[in-house]
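To keep things clear, I will list the structure first and then write my remarks on it.
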Amino acid sequence: MQPQSSSSYGAERQTVPTGAGQDVGRSCCIVRMAGRTVMFDCGAHFGFRDARRFPEFGLLSRAGRFTEIIDAVVITHFHTDHLGALPYFTEICGYRGPILMTYPTFAIAPIMLADYVKVNADRPGERLPYNEQHVRDCLRRVTAVDLHQVVVVAPGLSFTFHYAGHVLGAAMVHMTAGHLTALYTGDFNSSPDRHLGPAEAPLALLQGGPSGASVRHPDVLISEATYAATLRDSKRARERDLLGAVVETVAAGGKVLIPTFAMGRAQELLMLITDCWERNGLQVPIYFSSAMAARALVYYQLLLNWTNANHIHCVFVNVHICVCTHIHTTWMMLAPGPALLFASPGNIASGVALEAFRSWAGSSKNLLVLAGYQVRGGAGHDNLCGGRSGGRSGGERRVEVRCRIKMLAFSAHADLRGLLGLVRRCKPRAVVLVHGQREPMEFLRGRIETHVGIECHAPATGTTVTIAPRRAVPLGV
Ligand SMILES: [Zn+2]
Numbered sequence: 001m002q003p004q005s006s007s008s009y010g011a012e013r014q015t016v017p018t019g020a021g022q023d024v025g026r027s028c029c030i031v032r033m034a035g036r037t038v039m040f041d042c043g044a045h046f047g048f049r050d051a052r053r054f055p056e057f058g059l060l061s062r063a064g065r066f067t068e069i070i071d072a073v074v075i076t077h078f079h080t081d082h083l084g085a086l087p088y089f090t091e092i093c094g095y096r097g098p099i100l101m102t103y104p105t106f107a108i109a110p111i112m113l114a115d116y117v118k119v120n121a122d123r124p125g126e127r128l129p130y131n132e133q134h135v136r137d138c139l140r141r142v143t144a145v146d147l148h149q150v151v152v153v154a155p156g157l158s159f160t161f162h163y164a165g166h167v168l169g170a171a172m173v174h175m176t177a178g179h180l181t182a183l184y185t186g187d188f189n190s191s192p193d194r195h196l197g198p199a200e201a202p203l204a205l206l207q208g209g210p211s212g213a214s215v216r217h218p219d220v221l222i223s224e225a226t227y228a229a230t231l232r233d234s235k236r237a238r239e240r241d242l243l244g245a246v247v248e249t250v251a252a253g254g255k256v257l258i259p260t261f262a263m264g265r266a267q268e269l270l271m272l273i274t275d276c277w278e279r280n281g282l283q284v285p286i287y288f289s290s291a292m293a294a295r296a297l298v299y300y301q302l303l304l305n306w307t308n309a310n311h312i313h314c315v316f317v318n319v320h321i322c323v324c325t326h327i328h329t330t331w332m333m334l335a336p337g338p339a340l341l342f343a344s345p346g347n348i349a350s351g352v353a354l355e356a357f358r359s360w361a362g363s364s365k366n367l368l369v370l371a372g373y374q375v376r377g378g379a380g381h382d383n384l385c386g387g388r389s390g391g392r393s394g395g396e397r398r399v400e401v402r403c404r405i406k407m408l409a410f411s412a413h414a415d416l417r418g419l420l421g422l423v424r425r426c427k428p429r430a431v432v433l434v435h436g437q438r439e440p441m442e443f444l445r446g447r448i449e450t451h452v453g454i455e456c457h458a459p460a461t462g463t464t465v466t467i468a469p470r471r472a473v474p475l476g477v
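When the count follows UniProt numbering, it moves up by one through the sequence shown with no breaks and lands on 477 for the last residue.
Structure follows, in structure tokens:
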């Protein structure tokens, strides 16, 4: 892709992933429509500790003229792979234009970014080029928005955020530039879970929210494709499977390690586990590995109206739950008897999750639960790819793995059915897939083109997709 000024695009609509093209991590997608250029998400890749940790901003402007080129940056949710490069983009690269995110994302972003700074300080590899002061300065530039609020950032350019499930505060974003529209999904979940509702019905999206009147199909749908080739078994069966293995392990005196990022899956799994503890009268302690997780729980209580409030109850003040400091964590790992530990990060690349993995993975009494997507670069990914024989990796040191491993497609992402459902209901002019591995994305691309009859692309990072107009469109510029 050649760096160009936004004014040269006229009626064209172009999409360029500058990260997460045929990959998961460092989400960042540039959309150009009607002379406007927008960056959706600005994420970091957890699997890398060098320049590949951030999107390829150099594709936009070799001279660093980002404020001139980008009309707005929109962040869909607080996960680091959608947010982690933002302080770098504003404080080091110098972007000074509008930045939008929902109120919950804005509330939780400081915790996530501070944790990313801390985790990177502990890891070998290139130093993270920003610090906690950069995070504070960056977040001062953010405008927090509500769902269904029409946010106009420039003449003819507006955004509306819609509930996406997935994690607290996650949103799909509807962009209008002149007479053209795009829907960027970020990560979304089409099914409700214990602590969040499902992504909004696409009809509401197409009507522009509850008060909207005209149905309008987006010119471009840019969709995540994390589970593009997966049809998940029923939720109830998945939960039974997980709980059966957990109860069996603690009843036999073993330890259960659930590596997870502090926000999102952790809350969902915690609700599931505490329900199970109540039903079975278990007294086995449940540990959270950081004060960050405890702070995160408070936000779920403060932001109840963004959650599936029917199911949120006093679970987060449960007597079995103990939040560990670093000293407690070391003691807890060596203590005899059964225990269950939620430890971050979810990909076991570093931190308490990696320490616990090294301590516990050698015993066949213990259980490792991999309950989400495993990005490249972590021990979780190595375990999935390394077969069941011993000697798999635990970061830099090799660890003989004898514990049981349960892999569950227990994720807050839409599966193949959910992804196809969104495409069918939105009926966009064209679909661009991002945030997924190449082969599953190719599978989904084929399905969308042959079964739904809609043009679909799955570009690699840095590849520009140009969508031809559906019909003559009066320009809004
Ligand atoms: Zn996410």
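For glycine and all other residues, C-beta sits at the position ideal for the given N, C-alpha and C.
What is the DSSP secondary structure of residue i, reduced to helix, strand or coil?
i      : result
His174 : strand
Glu91  : helix
Pro124 : coil
Pro440 : helix
Gln149 : coil
Leu420 : helix
Pro110 : helix
Thr249 : helix
Val16  : strand
Val401 : coil
Pro259 : strand
Glu56  : coil
Ser359 : helix
Val220 : strand
Gly144 : The question names Gly, but residue 144 in the sequence shown is Ala. Strand at Ala144.
Arg425 : helix
His45  : coil
Thr37  : strand
Lys235 : helix
Phe161 : strand
Thr329 : helix
Arg32  : strand
Glu455 : strand
Under the criterion of a Cβ to heavy atom distance below 7 Å, does residue i qualify as lining ligand 1?
i           : result
His82       : yes
His77       : yes
Asp41       : no
Asp187      : yes
residue 487 : Outside the modelled stretch of the chain, which goes from 1 to 477, sits residue 487, for which no answer is possible.
Skipping 5 residues on each side, what residues in its chain have a beta carbon closer than 6 Å to that of residue i?
i      : result
Ala361 : Val399, Val401 and Cys403
Leu257 : Leu341, Ala356, Trp360 and Leu368
Cys31  : Rather than Cys, the amino acid found at residue 31 in this sequence is Val. Only Thr15, Val38 and Ala182 meet the Cβ criterion.
Gly436 : Ala225, Thr226 and Ala228
Thr463 : none
Considering only residues of the same chain and omitting the five flanking positions on each side of residue i, which have a CB-CB separation below 8 Å?
i      : result
Gln4   : For Gln4, the predicted structure reports a pLDDT of 37, less than 50, and the residue's modelled location is therefore unreliable. A value from the coordinates is still provided. The answer is none, since no qualifying residue turns up.
Ile108 : Phe78, Leu168, Gly169, Met263, Ala296 and Tyr299
Asn366 : Thr249, Gly254, Lys255, Val256, Leu257, Trp360, Cys403 and Arg404
So is residue i buried or exposed if we call it buried at 16+ other beta carbons inside 10 Å?
i           : result
Thr105      : buried
Asp81       : buried
Ser223      : buried
His413      : buried
Asp50       : exposed
Phe331      : Position check: residue 331 holds Trp in this sequence, whereas Phe was assumed. When all chains shown are included, Trp331 counts as exposed.
Asp137      : exposed
Asp71       : buried
Arg232      : buried
Ile467      : buried
residue 491 : As displayed, the chain neither begins before 1 nor continues past 477, which places residue 491 out of reach and without an answer.
Out of curiosity, what's the CA-to-CA distance linking residue i and residue j?
i      : j      : result
Thr307 : Met271 : 13 Å
Arg140 : Leu100 : 12 Å
His313 : Ser289 : Confidence at His313 is low in this model, with a pLDDT of 48, below 50, so the placement of that residue should be treated as unreliable; the coordinate-derived value is given next. Their Cα atoms are separated by approximately 22 Å.
Ala229 : Arg438 : 11 Å
Asp122 : His328 : 19 Å
Thr176 : Asn189 : 23 Å
Gly244 : Arg238 : 10 Å
Gly125 : Ala114 : 18 Å
Phe302 : Leu196 : For clarity, residue 302 is Leu in the given sequence; the question names Phe instead. Between Leu302 and Leu196, the C-alpha separation is close to 14 Å.
Ile75  : Phe161 : 10 Å
Ala266 : Arg52  : 27 Å
Cys276 : Val284 : 11 Å
Asn280 : Tyr116 : 37 Å
Gly418 : Leu334 : 43 Å
Below 7 Å CB to CB, which residues in the same chain sit around residue i once its five sequence neighbours on both sides are set aside?
i      : result
Pro336 : none
His134 : Pro87 and Glu91
Ala199 : Tyr163, Ala164, Gly165, Met172, Phe188, Asn189 and Ser190
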